[in-house]
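Colleague: Sharing a structure here in structure tokens format.
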Amino acid sequence: MKKHISFLLCCLMVIVSLTGCTTVEDNIPEQENNNEENNVSSVTTSTGDPAPEYTETLETDVLVLGGGGTGLTSALTAAEKGKNVILVEKLGYLGGATMLSAGIVPAAETKQQKEANIVDNQDLFARDIFRPNSYSVRKDLVYTVTENAKNVIEWLEEQGVVFNLVTNNLYYGQSNYRMHVAEGGGQGLTSVLIDNANNNDKIEVMLNSPAIELAVEDDQVIGAFVKRDNKDIILIKAENTVLCTSGFGANKEMIAKYIPEMINAYPYVAPGATGEGIIWGQNLGAAVANMKAYQGHGVYSEELKGSVDLNILYRGGILVNKNGERFTNEHKGYSELSPEVLAQPDHHVYMVFNQANADETAKFADYDAAGILIKAETLEELATALNVDQEKFKSSINDYLDGIEKGQDSLNRTFFPEHFDGPYYAIEITADLRHTQGGLVTDTVGHVLREDGTLIKGLYAAGGVMEGFSDTAGPGYMSGNGLLQAFVFGRLAGEYAATTTRAEATIVNLE
Ligand SMILES: Cc1cc2nc3c(=O)[nH]c(=O)nc-3n(C[C@H](O)[C@H](O)[C@H](O)COP(=O)(O)OP(=O)(O)OC[C@H]3O[C@@H](n4cnc5c(N)ncnc54)[C@H](O)[C@@H]3O)c2cc1C
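Numbered by this note's numbering, the letters in the sequence shown go through residues 3 to 513 in order.
This is the structure in structure tokens:
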């Protein structure tokens with residue numbers, strides 16, 4: 003075994019029983035007997051229940067649970083610090099939601115911005131993150147990500163990721179061009195990290211090996227129980243354990259409990275995001291925060307199996323429900339739109355737009371080829387084709403046309419196209435849920451904190467499993483928050499887990 007010491011405890015137990023060693027054991031109480039044999043009888047799970055039966059004990063310096071963007075970053079960072087790492091992933095592949103993402107990371111004052119003569123700073127960056135949540139989230143977390151984002155981009159570049167600055171599309175709510183898109187998107191970005199982890203002598207990757215519980219001794223986390231190859235349970239002991247298991251987007255029960263408004267959302271979530279890391283932390287008395295916060299996307303087409311171009315709305319497209327009524331100012335963030343779409347009859351609505359808008363939509367031909375466009379020459383014909391109430395539809399459209407003339411409509415929309423002349427198109431859409439933004443409360447380097455503010459020694463949380471900074475409840479979200487949280491805290495947690503012993507660990511505030 004190249005990176006850890008393996009104790010074949012079960013073999014030892016078998017040998018002991020086969021050799022008929024009855025004299026000593028028979029004379030001591032059963033509990034002491036366990037202690038003497040494997041020295042772990044006082045190990046429990048997070049619930050305080052006795053350890054499950056396990057076949058082997060491995061030891062490492064840093065144990066990383068979950069192999070998405072956060073886990074890969076933590077593992078590579080801990081290995082950089084010279085530590086041995088075991089990275090366990092419950093699925094048969096690494097990457098998680100990070101691989102599904104667009105691979106776009108916001109950062110200020112980068113070389114790419116300087117090359118493009120873009121003057122930006124961390125304060126503007128922080129304000130853009132605070133605005134969607136009305137400045138309600140933890141300031142220390144936000145300033146930690148804004149201050150570390152540039153370093154994270156540079157570290158990812160050292161890993162081999164190539165970033166280009168997006169300068170032709172100012173993301174909704176952002177005051178500057180600061181989105182750095184990885185070549186190959188989320189897939190390209192994660193494949194670089196996966197290759198590096200697989201080729202790193204200090205990192206042992208175990209696929210198809212879910213952590214099933216934390217291992218706890220004397221109120222400290224000393225590792226985890228892992229079902230290796232989905233077969234035998236093993237105990238992996240570590241000086242520090244980093245939870246990188248993400249949120250609970252794929253756990254229907256938890257969505258129903260915390261975010262019922264999204265229960266009917268199309269689940270565009272990573273399958274591994276089932277929330278157990280959060281539950282284990284809670285079992286140990288950890289505080290959770292922002293459990294009602296999430297990132298949705300308001301324009302998902304089930305026929306297309308993906309999002310429709312949101313800029314259609316920003317260029318003057320409107321949303322009409324199945325009664326024929328508009329229901330919101332469409333010029334807002336994609337996540338904010340998502341619960342409003344889901345609240346409509348049948349949880350589906352129509353995105354309606356005109357020819358001038360279609361002419362500027364690069365993917366229009368793809369939508370046509372995919373057969374998702376409903377076409378009409380006039381608004382009356384469109385209402386008939388959509389089978390919506392003609393009068394309601396007409397009144398909604400008249401309100402919008404009035405808005406174009408006056409600069410504001412009854413839904414408080416103030417951003418309009420020059421005209422809304424036909425021909426017209428409609429696409430049926432719903433909203434999706436991508437990931438949750440609440441979780442375990444940590445300090446600014448990922449130490450998990452109890453309700454009383456003390457830290458749980460040996461346990462770190464980073465990425466989607468930790469308290470987010472997008473919103474305290476609801477869909478408030480700034481584009482890029484998910485990956486910022488994954489990479490910045492993955493890096494910090496990996497560094498501290500590698501360089502601080504359990505005994506030395508203290509609360510850190512980097513703000
Ligand atoms: C479709 C989609 C698009 C997105 N687009 C963007 C975007 O463009 N920009 C952005 O900033 N954010 C985006 N996000 C959000 C972003 O991807 C996440 O916030 C981020 O990737 C979370 O990283 P993570 O490492 O915490 O989780 P993940 O990358 O999901 O990794 C968690 C890993 O832990 C594993 N795991 C879970 N439980 C266990 C267990 N018990 N034992 C072992 N392994 C376990 C999972 O299988 C998974 O591999 C998107 C999300 C989705 C779903």
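All C-beta atoms, glycine included, are put in the ideal place defined by N, C-alpha and C. What you are looking at is a predicted structure, and each value in this text was computed from that prediction instead of being measured.
Ordered along the chain, which non-local residues of its own chain (more than five positions away) have a Cβ less than 7 Å from that of Asp-411?
Modeller: Along the sequence shown, read from residue 1 onward, the residue named residue 411 stands at position 409. Asp-401, Tyr-402, Asp-404 and Gly-405.
Colleague: Taking 8 Å as the cut-off, decide whether the C-beta atoms of Gly-335 and Tyr-479 are in contact.
Modeller: Walking along the sequence shown from the start, residue 335 turns up at place 333. Walking along the sequence shown from the start, residue 479 turns up at place 477. Yes, Cβ-Cβ distance for Gly-335 and Tyr-479 is below 8 Å.
Colleague: When you compare only the Cα positions, how much space is there between Asn-331 and Thr-456?
Modeller: Taking the sequence shown and counting its residues from 1, one reaches residue 331 at position 329. Taking the sequence shown and counting its residues from 1, one reaches residue 456 at position 454. Their Cα atoms are separated by approximately 44 Å.
Colleague: What does Lys-294 pair with, by DSSP beta-bridge criteria?
Modeller: Sequence index remark: in the sequence shown, residue 294 carries index 292 (1-based). The partner list for Lys-294 (beta bridge, DSSP) reads Ala-475.
Colleague: What are the uninterrupted segments assigned as beta strand (DSSP E) that are 3 or more residues long and contained completely in the stretch 159-196, given in chain order?
Modeller: 165-167 and 181-184
Colleague: If contacts are defined as beta-carbon pairs under 8 Å, then Thr-59 and Ile-236 qualify, I think. What distance do you get, rounded to the angstrom?
Modeller: Translated into the one-based positions of the sequence shown, residue 59 becomes position 57. Translated into the one-based positions of the sequence shown, residue 236 becomes position 234. So it is a contact: roughly 7 Å between Cβ atoms.
Colleague: Give me the Cα-Cα distance between Gly-496 and Thr-72, rounded to the nearest whole angstrom.
Modeller: The residue you call residue 496 lines up with position 494 of the sequence shown. The residue you call residue 72 lines up with position 70 of the sequence shown. Approximately 9 Å between the Cα atoms of the pair.
Colleague: In or out: Ala-499 buried (at least 16 other Cβ within 10 Å) or exposed?
Modeller: The sequence position of residue 499 within the sequence shown is 497, counting from 1. By the neighbour-count rule (16 or more Cβ atoms within 10 Å), Ala-499 is buried.
Colleague: Name the DSSP bridge partner or partners of Tyr-427?
Modeller: Counting from 1 along the sequence shown, the entry for residue 427 is found at position 425. Note: Tyr-427 sits in a beta bridge opposite Phe-355 and Lys-377.
Colleague: May I ask you to check if the CB of Val-467 is nearer than 7 Å to at least one heavy atom of ligand 1?
Modeller: Start at 1 with the first residue of the sequence shown, and residue 467 comes out as number 465. Flag set: Cβ of Val-467 near ligand 1.
Colleague: What I want to know is whether the C-beta of Ser-248 ends up closer than 7 Å to one or more non-hydrogen atoms of ligand 1.
Modeller: Your numbering for residue 248 matches position 246 in the sequence shown. Because some heavy atom of ligand 1 lies under 7 Å away, the Cβ of Ser-248 counts as near it: yes.
Colleague: By Cβ distance below 7 Å, which residues in the same chain neighbour Leu-312 in space, the five residues on each side in sequence not counted?
Modeller: Residue numbering aside, residue 312 sits at position 310 when the sequence shown is read from its first letter. Only Val-301 and Tyr-336 meet the Cβ criterion.
Colleague: Out of curiosity, what's the CA-to-CA distance linking Tyr-95 and Ser-193?
Modeller: Within the sequence shown, residue 95 is the residue found at index 93, counting from 1. Within the sequence shown, residue 193 is the residue found at index 191, counting from 1. Distance between the alpha carbons of Tyr-95 and Ser-193 is about 11 Å.
Colleague: For ligand 1, I want to know if Ala-213 counts as a neighbour, meaning its beta carbon is within less than 7 Å of at least one of the ligand's heavy atoms.
Modeller: Within the sequence shown, the letter at position 211 stands for residue 213. Checking every heavy atom of ligand 1 against the Cβ of Ala-213, one is found closer than 7 Å.
Colleague: Could you tell me how far apart the beta carbons of Pro-100 and Ala-464 are, in whole angstroms, since I believe they sit closer than 8 Å?
Modeller: Residue numbering aside, residue 100 sits at position 98 when the sequence shown is read from its first letter. Residue numbering aside, residue 464 sits at position 462 when the sequence shown is read from its first letter. Per the sequence presented here, residue 100 reads as Thr, with Pro not at that position. Separation of the CB atoms of Thr-100 and Ala-464 is rounded to 12 Å, and the pair is thereby denied contact status at 8 Å.
Colleague: Which term fits Ala-1, buried or exposed, when burial requires 16 or more other beta carbons within 10 angstroms of its beta carbon?
Modeller: The shown model of the chain, from 3 to 513, leaves out residue 1, and the question about it has no answer.
Colleague: Just to confirm the assignment, what range does the alpha helix (DSSP H) spanning Phe-329 have?
Modeller: Taking the first residue of the sequence shown as position 1, residue 329 is located at position 327. Element bounds for Phe-329: n/a, residue is neither H nor E.
Colleague: Just to confirm, does Arg-436 get its C-beta within under 7 Å of one of the non-hydrogen atoms of ligand 1?
Modeller: For this step, residue 436 is matched to residue 434 along the sequence shown. For ligand 1, at least one heavy atom lies less than 7 Å from the Cβ of Arg-436.
Colleague: What beta strand (DSSP E) runs, 3 residues minimum, are completely inside the stretch 46-70?
Modeller: 59-67
Colleague: Measuring CA to CA, which of Val-310, Gln-297, Gln-284 and Gly-492 is closest to Glu-263?
Modeller: The residue you call residue 263 lines up with position 261 of the sequence shown. Checked all of Val-310, Gln-297, Gln-284 and Gly-492; the closest Cα to Glu-263 is Gln-297.
Colleague: Decide if Pro-425 is buried, meaning its Cβ has at least 16 other Cβ atoms within 10 Å, or exposed.
Modeller: For the purposes of this step, residue 425 is taken as the residue at position 423 of the sequence shown. Its Cβ having fewer than 16 others within 10 Å, Pro-425 is exposed.
Colleague: Let me check understanding here. Comparing Cα to Cα, which of Phe-366, Lys-85, Ala-367 and Leu-388 lies closest to Ile-376?
Modeller: Residue 376 sits at position 374 when you count from the first residue of the sequence shown. Of all alpha-carbon atoms in Phe-366, Lys-85, Ala-367 and Leu-388, the one lying nearest the alpha-carbon of Ile-376 is that of Leu-388.
Colleague: If you compare alpha carbons, which of Glu-61, Glu-342, Phe-491 and Arg-504 is closest to Leu-442?
Modeller: If you number the sequence shown from 1, residue 442 lands on position 440. Ranking Glu-61, Glu-342, Phe-491 and Arg-504 by Cα distance to Leu-442 puts Phe-491 first.
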